[in-house]
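In the numbering used here, the protein residues as written are 797 to 1117. All C-beta atoms in this analysis are idealised placements derived from N, C-alpha and C, irrespective of residue type, glycine included.
See the structure below:
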């Protein structure tokens, strides 16, 4: 029943792992001179969240591929928690990136502290603690109050009354976080667009106007990726929870939930595009790497052709003699 899910998650895992490993390698091994320090911290945390989300996917794939109760319990206790923890970490850090650009473009002098490296570090650490605390509490209470008869299909079937309360509270909080980030990103883009329009009406210098337009386009890319990945999941999640409360949720909504979860996981492949758009050093390094790879491939192909020609000539000369 889950062969499509297994294949899609496998592709997302492989592609996301390659892209985010390259991005992390760039973070750790290459100097970044042209990007603001606070923005780089948020981008690094976004990449780390995506990388950790990638690492949680094999357990989800195994969960779909096999039926042992131990795998099901392991997935429900840790795998699902890690996946959704890093999903909401990605949501929050995308929101921070949008606000960082908003303050940079619209209020560059009125929020100086928020654009500093120290503020970004404090915000990032607070975010991880904020996310880890409830997820750890959920996993701990689930393991302590586990009710299992070995025939459960869904993680919700393992929930005791206390875990159900925590689970509902977590989903309400997660939905509130999503809505807060979504509206803040829309506000940031609207404010940046208005600033661009005002600059054009004042007939400011062409360089300043182009710079503002470029910032607006970058924010638009960020918002598009955010909407594509996370809006479908939260809409179906809301409907699924509502129908479940009425006792009328069916298999169709279960598969819709699984499909929109796949779409949300797609962000591990799309978020490197955010890094490409927002970091000039990354774009330069990526172009140099691709150029170097192309030159190396061409040189290897040329050497291979030369060796083949040399071998043909030797065989031809041997035949003549």
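- Ranked by how close their Cα comes to the Cα of residue 1073, the residues 1097, 1015, 852 have 1015 in first place.
- About 5 Å separates the beta carbon of residue 896 from that of residue 835, a gap short enough to meet the 8 Å contact definition.
- In the three-state scheme derived from DSSP, where H, G and I count as helix and E and B as strand, residue 1028 is classed as helix.
- In the structure shown, residue 1069 adopts helical secondary structure according to DSSP, grouped into three states.
- Here residue 932 is exposed. Its C-beta has fewer than 16 other C-beta atoms within 10 Å.
- For the pair of segments examined, the region 1068-1088 was found to touch the region 834-853: the number of CB pairs separated by less than 8 Å reaches three.
- Between the region 977-990 and the region 948-968 there are fewer than three inter-stretch CB-CB distances shorter than 8 Å, so the stretches are not counted as touching.
- Annotated three-state conformation of residue 908 is coil, per DSSP.
- Secondary structure in the region 820-900: the alpha helix (DSSP H) runs of 4 residues or longer, each lying completely within the stretch, are 833-861, 865-870 in chain order.
- Taking a 10 Å sphere around the C-beta of residue 957, we find fewer than 16 other C-beta atoms and assign the residue as exposed.
- Under the DSSP assignment, residue 902 falls outside any alpha helix (DSSP H); it carries neither an H nor an E label.
- In the DSSP assignment, residue 1054 falls within the alpha helix (DSSP H) that extends over 1047-1061.
- For residue 917, the enclosing alpha helix (DSSP H) covers residues 913-940.
- The DSSP-derived three-state label of residue 1022 is helix.
- Apart from the 5 residues on each side of it in sequence, residue 1030 sits with its Cβ closer than 7 Å to the Cβ of 971, 974 in its chain, given in chain order.
- For residue 816, same chain residues with a beta-carbon under 7 Å away, outside a window of 5 residues either side, are 843, 846, 847, 850, 1064, 1068 in chain order.
- Contact between residue 923 and residue 879 fails: their C-beta atoms lie close to 17 Å from each other, not under 8 Å.
- Around the Cβ of residue 1008, a 10 Å sphere holds 16 or more other Cβ atoms; the residue is buried.
- Under the three-state reduction of DSSP, residue 1107 is assigned to helix.
- At a Cβ-Cβ threshold of 8 Å, residue 858 and residue 867 count as neighbours.
- Scanning 873, 955, 852 for the CA closest to the CA of residue 809 turns up 852.
- Cα atoms of residue 1012 and residue 937: separation of roughly 45 Å, rounded to the nearest angstrom.
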